[in-house]
Amino acid sequence: MSRAAWWPRLLNHPAGWIATGFGSGFAPFAPGTVGSAVALLPWLWLRTLSLPMYLAIVLLAFALGVWASSWVVRRSGVQDPQVVVWDEFVGVWITLIAAPQGWRWMLAGFALFRLFDIWKPWPVRTLDTRVKGGLGVMLDDVAAGVYGLVCMQALAYALR
Numbered sequence: 740m741s742r743a744a745w746w747p748r749l750l751n752h753p754a755g756w757i758a759t760g761f762g763s764g765f766a767p768f769a770p771g772t773v774g775s776a777v778a779l780l781p782w783l784w785l786r787t788l789s790l791p792m793y794l795a796i797v798l799l800a801f802a803l804g805v806w807a808s809s810w811v812v813r814r815s816g817v818q819d820p821q822v823v824v825w826d827e828f829v830g831v832w833i834t835l836i837a838a839p840q841g842w843r844w845m846l847a848g849f850a851l852f853r854l855f856d857i858w859k860p861w862p863v864r865t866l867d868t869r870v871k872g873g874l875g876v877m878l879d880d881v882a883a884g885v886y887g888l889v890c891m892q893a894l895a896y897a898l899r
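Structure below.
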């Protein structure tokens, strides 16, 4: 069965919906960027939560992502399928933890996360190449999100 025929069948299972970011991973161009942009929609709700609740949801989303990504990796035989974008959701949410209010900060967080996710500075690249399965899919984006978070907070501090 061709890839084009197989990938849409992922949506027959809840893990496929989650891993593909509710289908946003099927974008024909730059699915990681599209998934990161779609992740901003639930973030608009997440940002209204207390910090402990926000962190709990991100941790739960990470665990859910490991499960869903593992399911897709097992079925596809591909170590980091492009259609899996739940890792971008979690990475963006990490970058935007405690982001100052305003759409400019939201866009800055989005851009910083994408920068680190694409560039893959150490240890992001190491995690991407050495850790396999659903955990590996998720961990490199968590690391990119942490880089983005540090930069966001440093920028916010510098501009105070």
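Residue numbers for the sequence shown follow my numbering, beginning at 740 and rising by one. A virtual CB, placed ideally from N, CA and C, is assigned to each residue, including glycine. Quick caveat: nothing in here was measured; it's all calculated off a predicted structure.
Pairwise C-alpha distance: residue j and residue i
i      : j      : result
Pro747 : Gly887 : 32 angstroms
Pro767 : Phe849 : 20 angstroms
Val811 : Phe801 : 15 angstroms
Leu749 : Gly755 : 5 angstroms
Gly816 : Asp856 : 22 angstroms
Met740 : Thr787 : Legend: pLDDT at Met740 = 43, less than 50; position of this residue unreliable, value from coordinates given subsequently. Straight-line Cα distance between these residues: approximately 45 angstroms.
Reference residue i; option with closest CA among the options
i      : options                        : result
Phe852 : Thr868, Val881, Met877, Arg843 : Val881
Trp806 : Thr759, Thr772, Ala795, Leu788 : Thr759
Ala778 : Leu835, Leu790, Ser815         : Leu835
Start-to-end residues for the alpha helix (DSSP H) that takes in residue i
i      : result
Asp819 : Run containing Asp819: none; DSSP gives neither H nor E here.
Pro767 : It is not in any alpha helix (DSSP H) - Pro767 carries neither H nor E in the DSSP assignment.
Residue i: CB within 7 angstroms of a non-hydrogen atom of the ligand ADP
i      : result
Ala766 : For the ligand ADP, the structure offers nothing, since it holds no ligand at all.
Residue i, DSSP secondary structure in three states
i      : result
Gly774 : helix
Pro781 : helix
Arg813 : helix
For a minimum of 4 consecutive residues, which ranges assigned as the alpha helix (DSSP H) are wholly contained in the segment 828-877?
842-858, 863-869
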